[in-house]
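Chains as they are written, first to last, in my numbering: chain F, 3 to 127; chain P, 6 to 316.
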């Protein structure tokens, strides 16, 4: 996790350094992710009834994609309806949402509500 | 926990020990809060006195096609064939939810087509898999006639009062099953004025007792519901959801969960997650099944026979 955090920070720093106005972190991260797959910022895997990572920190404007790797459907819903809920995600289905506004977004699986996670959206710049 | 829990309850380890026996078709009767096994299913059936017998099926997950059971519709069909082969026809059937896997029209259609071959009246409650259509409308449209809210209701049969509860609708983040204030209020009202000697059967999808909170196997506000049942001499709570048999007796209340007709799930904490459990092909039908529940009149005694698809 420390590794991930460090790498993510490095990626963001690199992205910010390289970014001209209008180039978002989200646009830069995918290409960097190819060389550092363990730092898959913007992606949440649903595996063994768990959101991984449990807390994902991204910059505003990042598109977060949840992908269900279980043999059972799951669903993503915000605790306070701060973002739209996903349709039921069958095996290998994905759901994406772009977080434009900084904040802490708690969410859960509306099929199995003991499964919870958090997206922390930090301001750009 | 409480004293009465120790006196009357069967702890989880004990239940798990019993499960292997239940799985081979042992009849359980419960008298004075202590479960007794009476013998193998055949003997027990022969000894059965007349009373109300009804059937429970659960977790048919029509549409499920993953490795744990590539043909869940087929095993539902086998379960119904087993029902039809019974020498004594049950009075009716209850289905304790997860009829479909993904709440698709076609899955509900397939389930109805197979279940109707039993020619039994079927009383349903929904599982969380039955509310997966985007508008969460299909279940109530198809099964909710004469029900309240997300599909709760009650009825009487053979001197027993049956209450069907919904604990899978509008679940809250971090929580388990949930009945909600409106349904609890309805339940309290529904039970008001009924004689304490009326046997009560409550059925709902997710267990109304906390089996394993780490996997969400419980109902957050079940204690409130059960508080309305304290004055009744005989209360039976029938659930599904966990795809395995578990039983517990606490005071006047017997809790029982039924097998699935679709796929087994692991015992609590025995796997990284509660997901479908892949077992060798020749084991699958030993872990799927149905349950017959019999009340004998004027005895506060209940008999549950769990039968696997294949023994």
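Backbone N, C-alpha and C define an ideal beta-carbon position, used for all residues, glycine too.
None of the values given here were measured: they were computed from a predicted structure.
Inter-residue Cα distance where the pair is residue i and residue j
| i | j | result |
| --- | --- | --- |
| residue 298 of chain P | residue 117 of chain P | 22 Å |
| residue 160 of chain P | residue 58 of chain F | 48 Å |
| residue 53 of chain F | residue 65 of chain F | 16 Å |
| residue 285 of chain P | residue 291 of chain P | 11 Å |
| residue 315 of chain P | residue 259 of chain P | 26 Å |
| residue 135 of chain P | residue 165 of chain P | 27 Å |
| residue 69 of chain P | residue 126 of chain F | 44 Å |
| residue 264 of chain P | residue 219 of chain P | 20 Å |
| residue 232 of chain P | residue 213 of chain P | 12 Å |
| residue 124 of chain F | residue 61 of chain F | 5 Å |
| residue 83 of chain P | residue 117 of chain F | 34 Å |
| residue 319 of chain P | residue 176 of chain P | Because chain P here runs from 6 to 316, residue 319 of chain P falls outside it and cannot be looked at. |
| residue 132 of chain P | residue 144 of chain P | 10 Å |
| residue 168 of chain P | residue 244 of chain P | 12 Å |
| residue 189 of chain P | residue 210 of chain P | 16 Å |
| residue 67 of chain P | residue 120 of chain P | 11 Å |
| residue 124 of chain P | residue 172 of chain P | 28 Å |
Neighbour flag for residue i against chain F, beta carbons, 9 Å
| i | result |
| --- | --- |
| residue 180 of chain P | yes |
| residue 107 of chain P | yes |
| residue 142 of chain P | no |
| residue 310 of chain P | no |
| residue 344 of chain P | This structure gives no information on residue 344 of chain P, because the portion of chain P shown stretches from 6 to 316. |
| residue 92 of chain P | no |
| residue 81 of chain P | no |
| residue 137 of chain P | yes |
Buried versus exposed, by CB contacts within 10 Å (16 or more), residue i
| i | result |
| --- | --- |
| residue 119 of chain F | buried |
| residue 58 of chain P | buried |
| residue 63 of chain P | buried |
| residue 238 of chain P | exposed |
| residue 403 of chain P | Residue 403 of chain P lies beyond the range of chain P shown here (6 to 316); nothing can be said about it. |
| residue 76 of chain P | exposed |
| residue 90 of chain P | exposed |
| residue 221 of chain P | buried |
| residue 280 of chain P | buried |
| residue 255 of chain P | buried |
| residue 23 of chain F | Here residue 23 of chain F scores only 39 on pLDDT, less than 50, and its place in the model is too uncertain to base an answer on. |
Limits of the unbroken alpha helix (DSSP H) element including residue i
| i | result |
| --- | --- |
| residue 80 of chain P | 77 to 89 |
| residue 191 of chain P | 186 to 196 |
| residue 263 of chain P | Per DSSP, residue 263 of chain P belongs to no alpha helix (DSSP H) and is neither H nor E. |
| residue 308 of chain P | Not the alpha helix (DSSP H): residue 308 of chain P falls in the beta strand (DSSP E), residues 307 to 313. |
Proximity test, Cβ basis, 9 Å: residue i and chain P
| i | result |
| --- | --- |
| residue 109 of chain F | yes |
| residue 65 of chain F | no |
| residue 125 of chain F | no |
| residue 37 of chain F | In this predicted model, residue 37 of chain F has a pLDDT of only 40, less than 50, meaning its place in the structure is not dependable enough to derive any value. |
| residue 113 of chain F | yes |
| residue 118 of chain F | yes |
Boundaries (first-last residue) of the beta strand (DSSP E) holding residue i
| i | result |
| --- | --- |
| residue 287 of chain P | Unbroken run through residue 287 of chain P is the alpha helix (DSSP H), 286 to 289; no beta strand (DSSP E). |
Problem set entry | Proximal residues, the stretch 122 to 133 of chain P versus chain F, C-beta separation under 8 Å | 133
For this session: With 8 Å as the limit, tell me which residues of the stretch 261 to 280 of chain P have their beta carbon closer than that to any beta carbon of chain C; keep them in chain order.
Result: Among the protein chains in the structure shown, which are F and P, there is no chain C.
Problem set entry | Contact residues within the stretch 70 to 103 of chain F, judged by C-beta distance below 8 Å to chain P | 72, 73, 74, 75, 77, 79, 81, 89, 90, 92 and 93
Exercise. Using a Cβ cut-off of 9 Å, which residues of the stretch 46 to 61 of chain F contact any Cβ in chain P, in chain order?
Worked result: 49, 50, 51 and 52
Exercise. Got a sec: which bits of the stretch 205 to 230 of chain P sit with their beta carbon under 8 Å from any beta carbon on chain F, in order along the chain?
Worked result: 218, 219, 220 and 221
For this session: Would you list, in chain order, the members of the stretch 154 to 184 of chain P that have their beta-carbon closer than 7 Å to a beta-carbon of chain F?
Result: 176, 177, 178, 179, 180 and 181
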